[in-house]
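Structure representation (structure tokens):
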């Protein structure tokens, strides 16, 4: 298997090149077929790698070539596939393949079909680089590459200025995080003399927590993760990123790219374990983000925006998990979240497809009968995200909450409340979309149809995964073995050794589970009574809302806050620099030099009378001056 | 000839230098005060001759023939210069109908 | 010795007349006289070859060329506008300063030996010819090219262009 590892990222790159070059000449079917097939081939190879690692328990480390070497500092272009990255590979290629398949149907009428698949393949390539790299530099290449692809795909319909702005916003926000990540890498190199995972981690594990500025390094890495994974305060780009085509939202902004931050922290777990202060910060940021985004999601009316804030909220959960030391739990949630959030996005895409591009839930409703497959699969996804057993979300979320409880009761309580919010807004979305009567135009109503099979098949597969995906991590308190934890154990071995094994009494764990499940069901019930029984529809844009609802609807005015706090002062500074420093200072100085030269020349040119006599006269004066000078110097010598 | 030369024995070198300087300065003044191009040209010739005389005097003083060879070259040069210069003056006169150098004031800006 | 001072006085006197004469024709005539005094100076220095060359080339050829030019231009009328007195004064002061500087430098050098002729044959044609055709052969040949090009240039400049003339 080792021999073919390099093919995993290379195949999507080949797809990018083929589709990029042939985007105008190849037929749509060919493009879709090539793109999907290559990703599927990568998936098959990933399965092979996964099975090998599962059986041998040893990571695969392959050096493709030596990239560059400066003195003692060598950067090999090498891949590391261990337990952690093999699962990421499965998610990326597996979910990626399903989404490619789905996109063939979804994007069928789009003019940029070839371009879309080329970008999508490129994204998969960079994402694979990110998770497969065996050092931070390769990860950084992938990190930047996915940011680029994200930018390209958010701005895919770039003729719409607001979409192009959203792309720019995502890019800029990501850059802020990237800078932190880069500084983190520099610090790692400074203190460990290497950026290869194996070297850094083994050195770090042997150190005392005061030997190196772990807190600083990890905080910098965390800043990178905050940018990429859309946490407070850099989360506002993710909801705007919904400007991209829905499959992009599903693949990049739900299942894979945004989890890169979690992957990176899980990968560097030993560094973070050495810095408990950073862990605390991560937990708090994650928790606040989870709650905050959930609050915003409560009142959104755009179906994709609801899902986007839900994604931010779930990512917050994952960071909470990382922060409280539940690396496995956080990663488990990455896995299940990839299934159900991709499912929900694709389902939403199917709905949008059916109602001719409408995204506002106020103009939907009653789609249950018209889109049965979409409805059932989305129901599965909704149940899964709400944390109702035995669907996938329950297990992963419960594991995080259990660890949060061990860490601090407050974290747990806030987490459960957020879980209730999650349940509420997800079912609200479901009810508004599929129940009641259709509220759109009659034209849209005539057009309603179930999506073609190449769109529904990925939905069904993902629905099955969302339903049963949780069983790989059934906790021991419920009579399971938590296969995932055992599988991942080697990756987190060093951290576990430092933190120690933490377990709760089974009774406590049952109570915690019961509380969160009951909370979710209660929220479900409230949503049912509000949106199905009373058929309460969110009011139109212009109408008055109660203060708190309005606050949530307007996203707590975060964008406006950033606008006032950061953009406007920057604008003012720019205007000041332009008007005062540039126009008055620099320009006047430069122009003054020019003008001074011109004026001086105007005066001086009068000396040039054009009269030969005066020229000679001046020449004589010059000769006299030279003679006098030499006379004086001779005199001085004597 | 021999007796003539002997009478020269006592003339100090300084006097030759002084004579050359005076004639050279007269040439300079001539260039400055006259506007007739031909007269200016003649003043230049005066200056050249002052230098020639000085070179010859030094040549004799040092007993080195090189100085006189130089005078010879300067004369050749002066002949060439005069030929060209006068041709230019004739051209100027044809074009402007004047050899007043103040008319030729295009050499500016 | 007194001969030198007399001739020197004549040189200065005639050269002043050259620059102060109103008519260019008179200037040329005074210049001929000046050059004649120079010829005498050369003879006094026993530079016979130079004296002859000066006599033939300068007084004969060059000054005749001046006269011819004047004749071609036909500028015997005293039409030359006189420069203002201020300019003249400035010019004289400038020239005077020039002279003073040179003389001052001369005084500084403080050498005043007599010019004595160690080698009586120094300025003779035979001696000069040897130097000229040995050490200075190349410059001599180059100067012939200079004269040739001057001739070509003069012809080129002085001939009327057929097109512009028509």
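Protein chains in written order, with the numbering used here: chain A, 9 to 646; chain B, 1094 to 1202; chain C, 137 to 302.
Even glycine gets a Cβ: it sits at the ideal position worked out from N, Cα and C.
Being a predicted model, the structure only gives us computed values, none of them experimental.
Closest residue to residue i among the options (Cα-Cα distance)
| i | options | result |
| --- | --- | --- |
| residue 413 of chain A | A:113, A:116, A:519, A:356 | A:519 |
| residue 159 of chain C | B:1135, B:1195, B:1107 | B:1135 |
| residue 157 of chain C | B:1108, B:1116, B:1106, B:1127 | B:1127 |
| residue 1184 of chain B | C:287, C:291, C:226 | C:291 |
| residue 388 of chain A | A:373, A:477, A:334 | A:477 |
| residue 560 of chain A | A:18, A:67, A:306, A:70 | A:306 |
| residue 339 of chain A | A:408, A:541, A:584 | A:408 |
| residue 106 of chain A | A:337, A:42, A:259 | A:259 |
| residue 47 of chain A | A:35, A:124, A:102 | A:102 |
| residue 1197 of chain B | A:636, A:619, A:261, A:320 | A:619 |
| residue 1112 of chain B | C:149, C:155, C:154 | C:149 |
| residue 500 of chain A | A:459, A:330, A:50, A:524 | A:330 |
| residue 1180 of chain B | C:152, C:139, C:145, C:289 | C:289 |
Run of the beta strand (DSSP E) containing residue i, from where it starts to where it stops
| i | result |
| --- | --- |
| residue 75 of chain A | 68-78 |
| residue 82 of chain A | 81-89 |
Proximal residues of chain A, C-beta to C-beta of residue i below 9 Å
| i | result |
| --- | --- |
| residue 230 of chain C | 625, 628, 629, 632 |
One or two residues paired with residue i in a DSSP bridge
| i | result |
| --- | --- |
| residue 368 of chain A | A:310 |
| residue 143 of chain A | A:204 |
| residue 406 of chain A | BP columns for residue 406 of chain A are empty, so no partner. |
| residue 1193 of chain B | B:1129 |
Cross-chain neighbours of residue i in chain C, by beta carbon under 8 Å
| i | result |
| --- | --- |
| residue 601 of chain A | Neighbours of residue 601 of chain A on chain C: none; closest Cβ ~36 Å, over 8 Å. |
| residue 635 of chain A | 234, 237, 238, 241 |
| residue 639 of chain A | 237, 240, 241, 244 |
Opening and closing residue of the alpha helix (DSSP H) in which residue i lies
| i | result |
| --- | --- |
| residue 177 of chain C | 160-180 |
| residue 638 of chain A | 620-645 |
| residue 560 of chain A | 555-561 |
| residue 452 of chain A | 450-455 |
| residue 491 of chain A | 491-507 |
| residue 288 of chain A | 284-305 |
| residue 151 of chain C | 138-156 |
| residue 40 of chain A | 36-64 |
| residue 536 of chain A | 514-536 |
| residue 436 of chain A | 417-442 |
Proximity below 8 Å, CB of residue i to CB of residue j
| i | j | result |
| --- | --- | --- |
| residue 1164 of chain B | residue 1140 of chain B | no |
| residue 182 of chain C | residue 242 of chain C | no |
| residue 428 of chain A | residue 283 of chain A | no |
| residue 308 of chain A | residue 349 of chain A | no |
| residue 1173 of chain B | residue 282 of chain C | yes |
| residue 462 of chain A | residue 113 of chain A | yes |
| residue 94 of chain A | residue 52 of chain A | no |
| residue 178 of chain C | residue 1171 of chain B | no |
| residue 154 of chain A | residue 181 of chain A | no |
| residue 247 of chain A | residue 178 of chain A | no |
| residue 208 of chain A | residue 237 of chain A | no |
| residue 229 of chain A | residue 158 of chain A | no |
| residue 269 of chain A | residue 234 of chain A | yes |
| residue 3 of chain A | residue 495 of chain A | With chain A covering 9 to 646 only, the question about residue 3 of chain A has no answer from this structure. |
| residue 318 of chain A | residue 430 of chain A | yes |
| residue 146 of chain A | residue 156 of chain A | no |
| residue 264 of chain A | residue 99 of chain A | yes |
| residue 1153 of chain B | residue 163 of chain C | no |
| residue 440 of chain A | residue 539 of chain A | yes |
| residue 174 of chain A | residue 166 of chain A | no |
| residue 193 of chain A | residue 144 of chain A | yes |
Residues that residue i contacts on chain C, provided the C-beta gap is smaller than 9 Å
| i | result |
| --- | --- |
| residue 620 of chain A | The premise fails here: residue 620 of chain A is roughly 12 Å from chain C at the closest Cβ pair, so nothing lies under 9 Å. |
Closer than 8 Å at the beta carbon, the chain A residues around residue i
| i | result |
| --- | --- |
| residue 1121 of chain B | 628 |
| residue 1128 of chain B | 621 |
Beta-carbon neighbours of residue i, restricted to chain A and to distances below 7 Å
| i | result |
| --- | --- |
| residue 1124 of chain B | 624 |
| residue 1194 of chain B | 620, 621 |
Neighbour list for residue i in chain C, Cβ cutoff strictly below 7 Å
| i | result |
| --- | --- |
| residue 1142 of chain B | 171, 174 |
Residue i: contacting residues in chain B (beta-carbon distance under 7 Å)
| i | result |
| --- | --- |
| residue 272 of chain C | 1162 |
| residue 224 of chain C | 1126 |
beta-carbon residue i near the ligand HEM non-hydrogen atom, thresh 7 Å
| i | result |
| --- | --- |
| residue 1142 of chain B | For the structure depicted, the ligand HEM is absent and the ligand set is empty, with no information on it obtainable. |
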